[in-house]
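The structure under discussion appears below in the form of structure tokens.
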Amino acid sequence: MRARLLSLLLRASRPPLLWGILTGAACVAAETFMSLALAQVAPTSALDVVYLVGVLVVAYLWGLPLGILTALASGFVYDFFLVEPVNRITVFSSWTWMPLLIFLVVGVLVSVAAVLMRALLIEAEERRREADLDARTARLLLRAEHLGSALPIVARRLAQGLGLPFLAIELGPVGDDPRHTALPLTEDGAGIGTLVAPADLPTATMRRLRERVVPSLEAVLVAARDREAISTALAVSRDELARIAEEQAALRRVATLVARGVSPTEIFGAVAREMGLIVKADLTAIERYEPDRTVVLVSSWSASDRGSPPPVGTRRPLRDSGLSALVLRTGRPGRMTVEEGAAGELDGRAEDKEITSAVASPIVVEARLWGVMIAFFRAREPQPEGVEERMRDFTELVATAISNAQARDELAASRARVVAASDETRHRIERDLHDGAQQRLVSLGLQLRMAETAVPPDLPKLKEQLSHTAEGLTLVLDDLRELSRGIHPAILSKGGLGPALKMLARRSAVPVELNVRVDGRLPERVEVAVYYIVSECLTNVAKHARASLVCVEVEAAGDAARVWIRDNGKGGADPGRGSGLIGLIDRVQALGGAIEVTSPIGHGTALTAVIPVGDG
Amino acid sequence: MPASCNDTDVLRCHCEYVPLRCLIVDDSDHFKEAARLLLEADGVAVVGSASTIAEALGRFGELRPDVVLVDIDLGEENGFDLARRLHEAGGGEPPPVILISTYDEQDFAELIATSPAVAFLSKPFLSGRAIGEILRGAEA
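Here the protein sequences come in this chain order: A and B. For the first sequence, the numbering used here begins at 1 and goes up steadily by one. For the second sequence, the numbering used here begins at 1001 and goes up steadily by one.
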């Protein structure tokens, strides 16, 4: 009821005129009855005020003319019924017209005030609605993910709110059309869009659109456009950040492999894959330049499982027009499209025809061009500028891995050579001792014994001296033999590991349970290493372990010799202490093997050694 | 050492009738010479010497010695191999082979045990009497 009354009071259009006349008449009649009733208690001259209510209502709802008419009618009715003499119009006959005139002036003023109030109220209501509309528009536009998709909704709401048949908001100028009026939306003079309204709108509505709707729409549109730009920029930088993080993670994974010193083959595989994913390549390949102008494929990766890449190790001649040759010539990153011959780099690949471009980065190992890393793309559009730069990070890791592996190989080879040279020297010294000094001493001993028998019986002193000397010589020979055995075990070269280990077991101070499962002979370096491991362990057990039994197991199976030694002594041995075991660890590592010692206190000591047998 | 003298005399007397014929195989000329002198003084006839397996097998074929002294260490070659070859070459009646060395017997115990040689004799203890004892022990 209250809302209906409010909407009636705030409605811009007026009710029908007939309703106004009837209402005016009804008001006057009602007021007259009321005045007649009031006349019993109040002086009649004051009752003309009652009629102002009707004037106010009619003037408010139906405008000034009907208000004035109601005032006139009210004046005459008042005169007729309430001014003495009653039931007669006195205006024209006496001076009573004076109060009537005053009533009319007041009535007209009330009408004007009512009309003014109504205009103000309606204006305020309009403003309120516009403010609501603006807020809704702003909310819609600023919340929209995409400005373009929100505009039709906003235009429809705006049209509804303004009571227009339609409105459209376009981001940009609109062509002339006689049915439409185009209102340009600008920001600092620059066009940001157009508001399209029906052509035949009343001037007031047009003015309202122009003066109030357009400016607020412009402000909201600018804000929404800025917001969209900021969101887009944020999304772009977020994507960029994610890409960088992804790239860093990939590089870190590869770097970890490099640091762990895994084989270059494994690193090539990882790099081919990671790089392919990072630069979004369809295929990647890592190739090594050979001195005879060929390249050897060392690793490849494919984004899809279509076709199969040529096997690793495939060799192909270097094409002068190809990308690999270009990188070899310039020593710098390069790129090629299929027209320039990029596909030629893909010999033997089923997907040849789909590749449209390739980017290559050189792999430089210690200032020498070692190879090339190539990423192939199927996409038609050219690859972004940064691809080479991103590939370079990976090629540097590959180069480091190769360089490390080379250094490691060289170091291992050098260690192996040192061990071999030392073994050989010891072997030679032992042989020289045996063939030279020992044989001569033995011969001397024999000669002494002969001389001893040849001494005439009447020279017992001389005989005794000779005998003494021969015994001394025998002791020297014993010492020399002991020394020789320490330098190099002769039985190892003569009989191999089995007899040599049995000899060690026999000589051990602690009883040994020996189990040797070795068929035939192993490479000398392996036999020597196993022999020294067992020898050193038995010495250590005798010296430190307080054990009553040592179990020694040696097995040669597959591509390695394995040694297990464990005692039942007191444990607590520290492999870092005492140079004997360290020397052994060095020796075994030089052969590419490993030694592991566990020695919990109270539970004996266990040693495991694995030595690759290799190709001898 | 009277016992030794007596033994040598016995051997000598024995040799006058059936001299013990010995072949020495060793790659050290010093030792071969010293051993020859010693053994001859002890009444053993050193009928020949050799330095390599091939030479030793040839000599053995020609001379058919009663005993062969084989050095375990023949340079690149191996006294154990020679002992085996001689055993095979001897057919039904292989000659007694005595392995000799400057190494300790303990060093080669496994190989000596599996060898067809009748005994090991350390070079410093070489003598006609020691050989005689070994052969008598082997016959017994």
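Positions of the beta carbon are idealized from the N, C-alpha and C atoms, including for glycine.
Contacts of residue i in chain A (Cβ-Cβ under 9 Å)
{"i": "phenylalanine 1031(B)", "result": "Gln439, Arg440, Val442, Ser443 and Leu446"}
{"i": "alanine 1041(B)", "result": "Met450, Thr453 and Ala454"}
Exposure of residue i, with buried meaning 16 or more beta-carbon neighbours within 10 Å
{"i": "alanine 330(A)", "result": "Here the sequence assigns threonine to residue 330(A), which means alanine is not the residue at that position. Threonine 330(A) comes out exposed."}
{"i": "serine 1115(B)", "result": "buried"}
{"i": "glycine 1132(B)", "result": "buried"}
{"i": "histidine 468(A)", "result": "exposed"}
{"i": "valine 1118(B)", "result": "buried"}
{"i": "valine 236(A)", "result": "exposed"}
{"i": "leucine 297(A)", "result": "buried"}
{"i": "arginine 315(A)", "result": "exposed"}
{"i": "proline 1002(B)", "result": "With a pLDDT of only 39 at proline 1002(B), under 50, the local geometry of the prediction cannot be trusted, and the value read off the model is given with reservation. With fewer than 16 Cβ atoms within 10 Å of its Cβ, proline 1002(B) is classed as exposed."}
{"i": "glutamine 40(A)", "result": "exposed"}
{"i": "tryptophan 19(A)", "result": "exposed"}
{"i": "alanine 545(A)", "result": "buried"}
{"i": "glycine 498(A)", "result": "buried"}
{"i": "aspartate 200(A)", "result": "exposed"}
{"i": "serine 299(A)", "result": "buried"}
Whole-Å CB distance - residue i paired with residue j, under 8 Å assumed
{"i": "alanine 12(A)", "j": "isoleucine 122(A)", "result": "5 Å"}
{"i": "valine 55(A)", "j": "threonine 32(A)", "result": "14 Å between Cβ atoms; not a contact."}
{"i": "glycine 107(A)", "j": "serine 149(A)", "result": "The Cβ separation is near 58 Å, so there is no contact."}
{"i": "aspartate 305(A)", "j": "phenylalanine 377(A)", "result": "With 8 Å as the limit, aspartate 305(A) and phenylalanine 377(A) do not qualify as a contact, their Cβ atoms being about 18 Å apart."}
{"i": "alanine 470(A)", "j": "glycine 445(A)", "result": "6 Å"}
{"i": "leucine 501(A)", "j": "valine 552(A)", "result": "7 Å"}
{"i": "phenylalanine 1060(B)", "j": "leucine 1086(B)", "result": "6 Å"}
{"i": "glycine 1058(B)", "j": "aspartate 1071(B)", "result": "Rounded, the Cβ-Cβ distance is 17 Å, inconsistent with contact."}
{"i": "valine 588(A)", "j": "isoleucine 611(A)", "result": "6 Å"}
{"i": "glycine 593(A)", "j": "alanine 609(A)", "result": "6 Å"}
{"i": "arginine 335(A)", "j": "alanine 367(A)", "result": "With a Cβ gap of about 24 Å, arginine 335(A) and alanine 367(A) do not count as contacting."}
{"i": "aspartate 1107(B)", "j": "alanine 490(A)", "result": "7 Å"}
{"i": "alanine 433(A)", "j": "serine 484(A)", "result": "Strictly speaking, residue 433(A) in this sequence is leucine, with alanine absent from that position. With a Cβ gap of about 5 Å, leucine 433(A) and serine 484(A) count as contacting."}
{"i": "threonine 400(A)", "j": "valine 258(A)", "result": "6 Å"}
{"i": "isoleucine 286(A)", "j": "methionine 373(A)", "result": "5 Å"}
{"i": "alanine 197(A)", "j": "leucine 171(A)", "result": "Not confirmed; about 16 Å, so no contact."}
{"i": "valine 338(A)", "j": "threonine 356(A)", "result": "5 Å"}
{"i": "valine 613(A)", "j": "valine 526(A)", "result": "6 Å"}
{"i": "valine 174(A)", "j": "threonine 194(A)", "result": "4 Å"}
Helix, strand or coil at residue i [DSSP, three-state]
{"i": "leucine 514(A)", "result": "strand"}
{"i": "aspartate 282(A)", "result": "coil"}
{"i": "alanine 350(A)", "result": "Any reading at alanine 350(A) must be qualified, since the residue scores a pLDDT of 41, below 50, and its modelled position is unreliable; the value itself is stated next. Reduced to three states, the DSSP call for alanine 350(A) is helix."}
{"i": "proline 99(A)", "result": "helix"}
{"i": "glutamate 170(A)", "result": "strand"}
{"i": "asparagine 1078(B)", "result": "strand"}
{"i": "methionine 336(A)", "result": "strand"}
{"i": "alanine 451(A)", "result": "helix"}
{"i": "histidine 434(A)", "result": "helix"}
{"i": "proline 1116(B)", "result": "coil"}
{"i": "proline 460(A)", "result": "helix"}
{"i": "serine 111(A)", "result": "helix"}
{"i": "glycine 486(A)", "result": "helix"}
{"i": "alanine 303(A)", "result": "coil"}
{"i": "valine 327(A)", "result": "helix"}
Interface residues of chain B facing residue i [CB-CB closer than 9 Å]
{"i": "aspartate 435(A)", "result": "Asp1027, Ser1028, Asp1073 and Gly1075"}
{"i": "arginine 481(A)", "result": "Thr1102, Tyr1103, Asp1104 and Asp1107"}
{"i": "isoleucine 585(A)", "result": "Correct list: empty, because the minimum Cβ distance to chain B is about 27 Å."}
{"i": "alanine 542(A)", "result": "Here the premise fails: no neighbours, minimum Cβ distance about 17 Å."}
{"i": "methionine 373(A)", "result": "Per Cβ cutoff of 9 Å: no residues; methionine 373(A) is ~53 Å from chain B at best."}
{"i": "arginine 485(A)", "result": "Tyr1103, Asp1104 and Asp1107"}
Interface residues of chain B facing residue i [CB-CB closer than 8 Å]
{"i": "alanine 421(A)", "result": "Those within 8 Å of alanine 421(A) in chain B number zero; the least Cβ separation is about 20 Å."}
{"i": "lysine 461(A)", "result": "Simply none; closest approach about 16 Å."}
{"i": "valine 391(A)", "result": "The residue you asked about is not valine; residue 391(A) is methionine in the sequence shown. In chain order: nothing, as chain B lies at least about 58 Å away."}
Beta-carbon neighbours of residue i, restricted to chain A and to distances below 7 Å
{"i": "alanine 1035(B)", "result": "Leu446"}
{"i": "proline 1124(B)", "result": "Val442, Gly445, Thr474 and Leu477"}
{"i": "glutamate 1055(B)", "result": "What glutamate 1055(B) touches in chain A: nothing, since even the nearest Cβ is about 18 Å away."}
The ligand GTP heavy atom lying under 8 Å from the CB of residue i
{"i": "isoleucine 1024(B)", "result": "This structure does not include the ligand GTP; it has no bound ligands of any sort."}
Proximal residues of chain B, C-beta to C-beta of residue i below 7 Å
{"i": "arginine 506(A)", "result": "Gln1106 and Ala1109"}
{"i": "proline 499(A)", "result": "Glu1110 and Leu1111"}
{"i": "alanine 556(A)", "result": "Going along chain B, no residue has its Cβ under 7 Å from alanine 556(A), so there is no contact; the nearest lies around 18 Å."}
Within chain A, partners of residue i - CB distance below 8 Å
{"i": "valine 1038(B)", "result": "In the sequence as presented, valine is not what sits at residue 1038(B); that position holds leucine. Simply Leu446, Gln447, Arg449 and Met450."}
Identify every run of the beta strand (DSSP E) within the segment 186 to 258 of chain A, keeping only runs that are complete inside it and at least 3 residues long; order them along the chain. 190 to 198
Could I get the ranges of all uninterrupted beta strand (DSSP E) runs contained in the segment 494 to 566 of chain A, with 3 residues as the minimum, in chain order? 512 to 517 and 550 to 557
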